[in-house]
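Engineer: Line by line, the protein sequences are chains A, B and C. What the first sequence shows, in this note's numbering, is residues 2 to 344, in sequence order. What the second sequence shows, in this note's numbering, is residues 294 to 455, in sequence order. What the third sequence shows, in this note's numbering, is residues 6 to 91, in sequence order. Ideal placement from N, C-alpha and C gives every residue a C-beta, glycine not left out. Note that the structure is a prediction, hence the values are computed from the model and not measured. Just passing along the structure, written as structure tokens.
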Amino acid sequence: MTKVYCIGEGLVTPLGSTVEAVLDAAREGLSRRLFEKRGTLSGASFFEEIAIEAARKATRGMEMTPRTGLVLSTTKGNVEHIGRADISLAASARNIADAVGITTSPIVVSNACISGIAALLQGMRMIRSGEYDNVVVVGAEVHSDFVHSGFDCLKALSPEPCRPFDKDRQGLNLGEAAAAIVLSAKAGPWEISDGVIRNDANHISGPSRTGEGSYKCLRYVMDGIDKEDIAFVSVHGTATPYNDEMESIALHRAGLSDVPINALKGVFGHTLGAAGILEAIVSMAAFDKGIVLPTKGFHEMGVSYPVNVSAQERPAKGKLFIKLLSGFGGVNGAMVFRKGGAL
Amino acid sequence: MKMKEVSIPSGANLTAIYRELVGNYPKFFKMDTLSKLGFLLTEMLVGDDPGRFTPREDRAVLVFSRNGCLANDLNYAKSMEDFPSPALFVYTLPNIVAGEISIRNKYEGETSAYVLEKYDRPLIDGIVRQAFQDRITRDAIVAWIDCPSDTEWTAMAWIETK
Amino acid sequence: MENLITELKLKIIDSLNLDGMTPEDIDNDAPLFGDDGLGLDSIDVLELIVLMEKSYGIRLDSPSKGKEVFRSVAVMAQYIADNRTK
Numbered sequence: 002m003t004k005v006y007c008i009g010e011g012l013v014t015p016l017g018s019t020v021e022a023v024l025d026a027a028r029e030g031l032s033r034r035l036f037e038k039r040g041t042l043s044g045a046s047f048f049e050e051i052a053i054e055a056a057r058k059a060t061r062g063m064e065m066t067p068r069t070g071l072v073l074s075t076t077k078g079n080v081e082h083i084g085r086a087d088i089s090l091a092a093s094a095r096n097i098a099d100a101v102g103i104t105t106s107p108i109v110v111s112n113a114c115i116s117g118i119a120a121l122l123q124g125m126r127m128i129r130s131g132e133y134d135n136v137v138v139v140g141a142e143v144h145s146d147f148v149h150s151g152f153d154c155l156k157a158l159s160p161e162p163c164r165p166f167d168k169d170r171q172g173l174n175l176g177e178a179a180a181a182i183v184l185s186a187k188a189g190p191w192e193i194s195d196g197v198i199r200n201d202a203n204h205i206s207g208p209s210r211t212g213e214g215s216y217k218c219l220r221y222v223m224d225g226i227d228k229e230d231i232a233f234v235s236v237h238g239t240a241t242p243y244n245d246e247m248e249s250i251a252l253h254r255a256g257l258s259d260v261p262i263n264a265l266k267g268v269f270g271h272t273l274g275a276a277g278i279l280e281a282i283v284s285m286a287a288f289d290k291g292i293v294l295p296t297k298g299f300h301e302m303g304v305s306y307p308v309n310v311s312a313q314e315r316p317a318k319g320k321l322f323i324k325l326l327s328g329f330g331g332v333n334g335a336m337v338f339r340k341g342g343a344l
Numbered sequence: 294m295k296m297k298e299v300s301i302p303s304g305a306n307l308t309a310i311y312r313e314l315v316g317n318y319p320k321f322f323k324m325d326t327l328s329k330l331g332f333l334l335t336e337m338l339v340g341d342d343p344g345r346f347t348p349r350e351d352r353a354v355l356v357f358s359r360n361g362c363l364a365n366d367l368n369y370a371k372s373m374e375d376f377p378s379p380a381l382f383v384y385t386l387p388n389i390v391a392g393e394i395s396i397r398n399k400y401e402g403e404t405s406a407y408v409l410e411k412y413d414r415p416l417i418d419g420i421v422r423q424a425f426q427d428r429i430t431r432d433a434i435v436a437w438i439d440c441p442s443d444t445e446w447t448a449m450a451w452i453e454t455k
Numbered sequence: 006m007e008n009l010i011t012e013l014k015l016k017i018i019d020s021l022n023l024d025g026m027t028p029e030d031i032d033n034d035a036p037l038f039g040d041d042g043l044g045l046d047s048i049d050v051l052e053l054i055v056l057m058e059k060s061y062g063i064r065l066d067s068p069s070k071g072k073e074v075f076r077s078v079a080v081m082a083q084y085i086a087d088n089r090t091k
């Protein structure tokens, strides 16, 4: 099986637009979820503008060829303009591809909150198919009344900064960001060695009470990896009561209760379609510095199954980390990021 | 291998099709049009499968479109003018249809929603082949359901085997 | 009260898309949630919270408060009678 590597990363976030700046902010325990300035310079929508900027950063110095692919990860794209413009995600993907010079047909993966992992998985498979040399995977989400009012009427929004896995957690905060990773068969510092999507087949908006899909994802990706090699699991950790509880059950069932976990939603908020890619990039950068990032907002254990939450920064020991996500539609996803690529 | 392909004509009476094919799944009436279409297409494909409803992890559900869940997005946006509706909001994602198909049929495998510029069968076939890189997936319900409004759509589905 | 109960049942049937049901099908005292009664779920709770605000001007801040009020149609109607602002 062809090995697939990350050979470029780009970020545009309210906490900074370089990987170093964002990592420093996360280590210092800063939090900023929305951009201060939302004007656009290029005539593209704000959503497309940040997606393009992240893709440009990730592809700096790279030559686009007829074998370069684009996968866009988003839940709602340009929805802030609904009723006033064509908000098709495919049209946005075309604009982003054109701006960075990609000529193949863009593919949008819109799989709720696991879109980031689903898009990276799609990119990984495209490389493994042998039909693409490089795939630019871009995740982006911007704030909109549409999404905000929706989570508000679901009573899912926290009135205070969110507190993943904490006993007093009250829900999530929405965030906005763009993040991009370039995948290639050409060796890079990080390998994406495995990924999977599984459905709870239980409820379209409520997480499974048995953590079914997340458990199946963990079981799938742990096939062939040594538990001792797992430095940490970067969980979804939205800080809604049900999500975090569900993840504790899935981790417990997968035998990962003692493996360090962390959640980054306290730093960035829930960036929806950008979350998987943003959180993966920041986790890789932290691992490169030998650390597991803290879980901002977490103070006291608030889930019923034992999990090893990293409240503070601590040393990363191992060879890889797992990114875990779950979302509406019953979807769950897991992906393995392996340091140093080949074993 | 000859493949079974099913479709639902634009504007068809979905409630009538539901009553003919199913009749005992009241959650159908809570679904958005996109989910109703995916639900019914799957009934047409697997309705008489032996051993149906036994949980299985080896069948994927892959749904493609150009407009995602636009019809329902417009309905939800309209509700925002008054009281935003939670029951509409939960359908404002293109992958919910795949979730509904999974819940109905106990498909615990991969589910994904893809948005493409147009109905591009070679591109869709390529993505489906790539999905078979999953070590457990053996076949997939594949659907192209483009539903820009509640009255006009293109809806077809088939089963692809690894 | 009888009128309010019938009106409420019609609104519930409409807002929750309970196809084919009539007010007579809903027992005043039967539980709305769980497997015994109408089998409504978490999204239905949220939709009923919207119904309470939209039709009767009653704000329920949390789903847990909602579940207390939505024990049965009779309980719901009494709560509306006591708290309605429109």
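By how many angstroms is the C-alpha of residue 255 of chain A removed from the C-alpha of residue 217 of chain A?
Structural biologist: As a working mapping, residue 217 of chain A is identified with position 216 in the first sequence. As a working mapping, residue 255 of chain A is identified with position 254 in the first sequence. Rounded to the nearest angstrom, the two C-alpha atoms are 8 Å apart.
Engineer: Indicate whether residue 241 of chain A and residue 325 of chain A have their beta-carbon atoms separated by less than 8 Å.
Structural biologist: Stepping through the first sequence from its first residue, residue 241 of chain A is reached at position 240. Stepping through the first sequence from its first residue, residue 325 of chain A is reached at position 324. Against a cut-off of 8 Å, the Cβ pair of residue 325 of chain A and residue 241 of chain A comes out as no contact.
Engineer: Less than 8 Å between the CB atoms is what I'm expecting for residue 392 of chain B and residue 429 of chain B, so what's the real figure, rounded?
Structural biologist: Locating residue 392 of chain B in the second sequence gives position 99, counting from the first residue. Locating residue 429 of chain B in the second sequence gives position 136, counting from the first residue. In fact, because the Cβ distance is near 19 Å, the residues do not count as touching under 8 Å.
Engineer: Anything in chain C within Cβ reach of residue 155 of chain A, meaning under 7 Å, just list it in chain order.
Structural biologist: Indexing the first sequence from 1 puts residue 155 of chain A at position 154. Ordered by position in chain C, the residues that pass the 7 Å Cβ test against residue 155 of chain A are 51.
Engineer: Between which two residues does the beta strand (DSSP E) holding residue 71 of chain A run?
Structural biologist: One-based indexing of the first sequence puts residue 71 of chain A at position 70. Counting along the chain, the beta strand (DSSP E) containing residue 71 of chain A begins and ends at 69–74.
Engineer: Give every residue of the same chain whose Cβ lies closer than 6 Å to the Cβ of residue 65 of chain A, excluding the five residues on either side of it in the sequence, and list them in chain order.
Structural biologist: Taking the first residue of the first sequence as position 1, residue 65 of chain A is located at position 64. Hits under 6 Å: 102, 103.
Engineer: Any idea what DSSP makes of residue 402 of chain B, helix, strand or coil?
Structural biologist: On the second sequence, residue 402 of chain B is found 109 positions in, with the first residue counted as 1. DSSP places residue 402 of chain B in coil when its eight states are reduced to three.
Engineer: Quick check: the segment 302–311 of chain B against the segment 131–144 of chain A, are at least 3 beta-carbon pairs closer than 8 Å?
Structural biologist: Too few Cβ pairs lie closer than 8 Å, so no.
Engineer: Within 10 angstroms of its Cβ, does residue 87 of chain A collect 16 or more other Cβ (buried), or is it exposed?
Structural biologist: Counting from one through the first sequence, the residue named residue 87 of chain A turns up at place 86. Residue 87 of chain A comes out exposed.
Engineer: What three-state label does DSSP hand residue 336 of chain A in the structure shown?
Structural biologist: Numbered from its first residue, the first sequence carries residue 336 of chain A at position 335. Three-state DSSP puts residue 336 of chain A in a strand.
Engineer: Mark residue 313 of chain A as exposed unless 16 or more other C-beta atoms lie within 10 angstroms of its C-beta, in which case mark it buried.
Structural biologist: Here residue 313 of chain A refers to the residue found at position 312 of the first sequence. By the 10 Å Cβ count, residue 313 of chain A comes out exposed.
Engineer: Return the chain-ordered ranges of every alpha helix (DSSP H) run that is complete within the segment 7–81 of chain A and spans a minimum of 4 residues.
Structural biologist: You should have 20–29, 47–59.
Engineer: Would DSSP call residue 179 of chain A helix, strand or coil?
Structural biologist: Residue mapping note: residue 179 of chain A aligns to position 178 of the first sequence, counting from 1. Residue 179 of chain A falls in the strand class under three-state DSSP.
Engineer: May I have the straight-line CA-CA distance separating residue 236 of chain A from residue 264 of chain A, to the nearest angstrom?
Structural biologist: In the first sequence, the residue the question calls residue 236 of chain A occupies position 235. In the first sequence, the residue the question calls residue 264 of chain A occupies position 263. Cα to Cα, residue 236 of chain A sits roughly 5 Å from residue 264 of chain A.
Engineer: Counting only the same chain and skipping the five closest in sequence on each side, list residues whose C-beta sits under 6 Å from that of residue 363 of chain B.
Structural biologist: Residue numbering aside, residue 363 of chain B sits at position 70 when the second sequence is read from its first letter. Within the same chain, residue 363 of chain B has close Cβ partners 441.
Engineer: Please confirm if the segment 299–308 of chain A is in contact with the segment 271–287 of chain A, defined as three or more CB-CB distances below 8 Å between the two stretches.
Structural biologist: Segments in contact, no.
Engineer: Less than 8 Å between the C-beta atoms of residue 297 of chain A and residue 32 of chain A, yes or no?
Structural biologist: Walking along the first sequence from the start, residue 297 of chain A turns up at place 296. Walking along the first sequence from the start, residue 32 of chain A turns up at place 31. Yes, the pair counts as a contact, with Cβ atoms nearer than the cut-off.
Engineer: Rounded to a whole number of angstroms, what is the C-alpha to C-alpha distance between residue 261 of chain A and residue 310 of chain A?
Structural biologist: Translated into positions along the first sequence, residue 261 of chain A becomes position 260. Translated into positions along the first sequence, residue 310 of chain A becomes position 309. Cα to Cα, residue 261 of chain A sits roughly 6 Å from residue 310 of chain A.
Engineer: Using a Cβ cut-off of 8 Å, pull out every chain A residue sitting near residue 67 of chain C, in sequence order please.
Structural biologist: By one-based count along the third sequence, residue 67 of chain C stands at place 62. Within chain A, the residues near residue 67 of chain C are 156.
Engineer: Between the alpha carbons of residue 41 of chain A and residue 311 of chain B, how many angstroms are there, rounded?
Structural biologist: By one-based count along the first sequence, residue 41 of chain A stands at place 40. By one-based count along the second sequence, residue 311 of chain B stands at place 18. The alpha-carbon atoms of residue 41 of chain A and residue 311 of chain B are separated by roughly 47 Å.
Engineer: May I ask which residues mark the beginning and end of the alpha helix (DSSP H) holding residue 1 of chain A?
Structural biologist: Given a span of 2 to 344 for chain A in the structure shown, any question on residue 1 of chain A remains unanswerable.
Engineer: Using 8 Å for Cβ pairs, my map puts residue 387 of chain B next to residue 74 of chain A. What's the rounded Cβ distance?
Structural biologist: Looking up residue 387 of chain B in the second sequence gives position 94. Looking up residue 74 of chain A in the first sequence gives position 73. At roughly 12 Å, the Cβ-Cβ gap does not stay under 8 Å, so residue 387 of chain B and residue 74 of chain A are not in contact.
Engineer: What separation, rounded to the nearest whole angstrom, lies between the Cα atoms of residue 91 of chain C and residue 32 of chain C?
Structural biologist: The residue given as residue 91 of chain C occupies position 86 in the third sequence. The residue given as residue 32 of chain C occupies position 27 in the third sequence. Those two C-alpha atoms are separated by around 25 Å.
Engineer: How many angstroms separate the CA atom of residue 125 of chain A from the CA atom of residue 249 of chain A?
Structural biologist: Position 124 of the first sequence, counted from the start, is the residue given in the question as residue 125 of chain A. Position 248 of the first sequence, counted from the start, is the residue given in the question as residue 249 of chain A. Distance between the alpha carbons of residue 125 of chain A and residue 249 of chain A is about 28 Å.
Engineer: Compute the Euclidean distance between the alpha carbons of residue 114 of chain A and residue 8 of chain C, then round it to the nearest angstrom.
Structural biologist: To locate residue 114 of chain A, count along the first sequence from 1; it is residue 113. To locate residue 8 of chain C, count along the third sequence from 1; it is residue 3. When rounded, the distance between both Cα atoms is 44 Å.
Engineer: Can you confirm whether residue 326 of chain A, when its beta carbon is compared against all beta carbons of chain B, has any partner nearer than 8 Å?
Structural biologist: As a position in the first sequence, residue 326 of chain A is number 325, starting the count at 1. So no, residue 326 of chain A is outside the interface.
Engineer: Name the DSSP bridge partner or partners of residue 449 of chain B?
Structural biologist: By 1-based counting over the second sequence, the position of residue 449 of chain B is 156. According to DSSP, residue 449 of chain B bridges with B:300, B:437.
Engineer: Measuring CA to CA, which of A:72, A:82, A:131, A:118 is closest to residue 366 of chain B?
Structural biologist: Indexing the second sequence from 1 puts residue 366 of chain B at position 73. Closest by alpha carbon: A:82.
Engineer: Quick one: grab the DSSP three-state call for residue 1 of chain A.
Structural biologist: In the structure as shown, chain A starts at 2 and stops at 344, and residue 1 of chain A therefore has no counterpart that could be examined.
Engineer: Kindly indicate if chain A contains any beta-carbon less than 8 Å away from that of residue 47 of chain C.
Structural biologist: Sequence index remark: in the third sequence, residue 47 of chain C carries index 42 (1-based). Yes, because at least one Cβ of chain A sits closer than 8 Å to the Cβ of residue 47 of chain C.
Engineer: For residue 26 of chain A and residue 16 of chain A, what's the separation of their Cα atoms in angstroms?
Structural biologist: Reading the first sequence from its first residue, position 25 is the one you call residue 26 of chain A. Reading the first sequence from its first residue, position 15 is the one you call residue 16 of chain A. So the two alpha carbons sit approximately 7 Å from each other.
Engineer: Is the segment 150–158 of chain A in contact with the segment 367–385 of chain B, if contact means three or more CB pairs nearer than 8 Å?
Structural biologist: Touching, per the Cβ criterion.
Engineer: Go through its chain and collect everything with a Cβ distance to residue 221 of chain A's Cβ below 6 Å, but skip five positions before and after it.
Structural biologist: Counting from one through the first sequence, the residue named residue 221 of chain A turns up at place 220. So the qualifying residues of the chain are 197.
Engineer: Could you check if residue 309 of chain B is buried or exposed, using at least 16 other CB atoms within 10 Å of its CB as the buried criterion?
Structural biologist: Position 16 of the second sequence holds residue 309 of chain B. Residue 309 of chain B comes out exposed.
Engineer: How many Å lie between residue 399 of chain B and residue 320 of chain B at the Cα?
Structural biologist: Looking up residue 399 of chain B in the second sequence gives position 106. Looking up residue 320 of chain B in the second sequence gives position 27. Residue 399 of chain B and residue 320 of chain B: Cα-Cα distance of roughly 15 Å.
Engineer: Using a beta-carbon distance below 8 Å, is residue 1 of chain A in contact with chain B?
Structural biologist: Since the first residue shown for chain A is 2 and the last is 344, residue 1 of chain A is missing from the structure and cannot be characterised.
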